[in-house]
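Residue numbers (our numbering): 12 to 228.
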């Protein structure tokens with residue numbers, strides 16, 4: 012079961028006043044999953060995303076010594092991750108997307124309440140690699156893996172949404188590539204185009220530069 016905390020927090024954020032730069036005020040554009048999106052660069056409110064990114068920067072900078080059986084991210088985990096990504100260097104982007112999605116989806120799904128003792132916790136990639144995680148954690152590790160492979164941050168977003176079929180909150184990674192919007196989802200084995208999915212209702216999407224509020228057309 013997907014953590015309701017992800018969606019509940021997202022729903023609250025969706026109804027906050029959107030603080031936009033004057034030039035972008037009141038502007039919206041068509042987006043994925045039959046929504047309109049409004050963009051903002053004000054990321055401060057997204058504390059769980061920001062702290063996950065900050066922990067990632069810290070853990071990759073430190074790379075403490077240890078073995079791969081440890082439950083705290085260390086140099087062994089980092090090198091194993093880099094070894095996997097090295098096998099994808101030089102491959103075409105679609106192959107890279109498929110392999111990252113496939114390999115990361117092999118990790119066991121674990122609810123935050125079981126893993127961390129809290130209802131909603133956004134993991135850094137290092138935490139995911141040592142403890143696995145739930146939906147947004149799969150999206151974050153895929154995002155950072157693809158960033159290392161050379162994908163531009165501007166072309167990727169973690170999307171927090173409502174699964175209309177299962178009536179639960181969910182999070183996935185969206186990637187813009189060659190005019191297509193692609194979905195990397197821990198619930199779907201293959202990388203698919205967003206236009207093939209009808210049961211997702213995004214609330215917001217985010218990367219390291221901006222966030223977008225989504226509303227139904």
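Just so it is clear, CB atoms sit at the ideal spot from N, CA and C, and this is done for glycine as well.
Identity of the residues DSSP links to residue i by a beta bridge
i           : result
residue 195 : 184
residue 50  : 223
residue 204 : 193
residue 41  : 47
residue 131 : In DSSP, residue 131 forms no bridge with anything.
residue 217 : 169 and 222
residue 212 : 173
residue 179 : 174
Identity of the residue in the options nearest residue i by Cα
i           : options               : result
residue 163 : 179, 149, 147 and 185 : 185
residue 197 : 39, 226 and 118       : 118
residue 55  : 47, 46 and 65         : 65
residue 177 : 112, 209 and 89       : 209
residue 207 : 135, 132, 44 and 228  : 44
residue 81  : 182, 140, 41 and 183  : 140
residue 115 : 191, 136 and 105      : 136
residue 158 : 228, 38, 59 and 67    : 67
residue 160 : 95, 191 and 228       : 95
residue 189 : 125, 59, 126 and 103  : 103
residue 183 : 199, 58 and 138       : 199
residue 138 : 180, 69, 179 and 57   : 69
residue 181 : 39, 58 and 120        : 120
Cβ-heavy atom distance, residue i to the ligand FAD, below 7 Å
i           : result
residue 168 : This structure simply doesn't include the ligand FAD, nor any ligand for that matter.
Simplified DSSP state of residue i, which is helix, strand or coil
i           : result
residue 89  : helix
residue 67  : helix
residue 121 : coil
residue 168 : strand
residue 34  : Interpretation of residue 34 is limited by its pLDDT of 45, a score under 50 that renders its predicted location unreliable; the figure taken from the coordinates is listed afterwards. Residue state, collapsed to three classes: helix.
residue 137 : helix
residue 145 : coil
residue 106 : helix
residue 95  : helix
residue 157 : helix
Expected contact under 8 Å - CB spacing of residue i and residue j to nearest Å
i           : j           : result
residue 52  : residue 166 : So it is not a contact: roughly 17 Å between Cβ atoms.
residue 97  : residue 86  : Contact doesn't hold; Cβ gap of about 16 Å is too wide.
residue 83  : residue 77  : 7 Å
residue 46  : residue 213 : 6 Å
residue 126 : residue 110 : About 25 Å; that fails the 8 Å criterion.
Neighbourhood of residue i by C-beta, 8 Å cutoff - its chain only, sequence neighbours within 5 removed
i           : result
residue 218 : 154, 164, 165, 167, 168 and 169
residue 193 : 108, 185, 186, 187, 202, 203, 204 and 205
residue 123 : 14, 16, 129, 130, 131, 132, 144 and 145
residue 106 : 99
Same chain, Cβ closer than 7 Å to residue i, neighbours up to 5 away in sequence not counted
i           : result
residue 112 : 153, 195 and 202
residue 79  : 87, 88 and 91
residue 134 : 63, 144, 148 and 151
Own chain residues within Cβ distance below 6 Å of residue i, not counting five before or after
i           : result
residue 211 : 44 and 172
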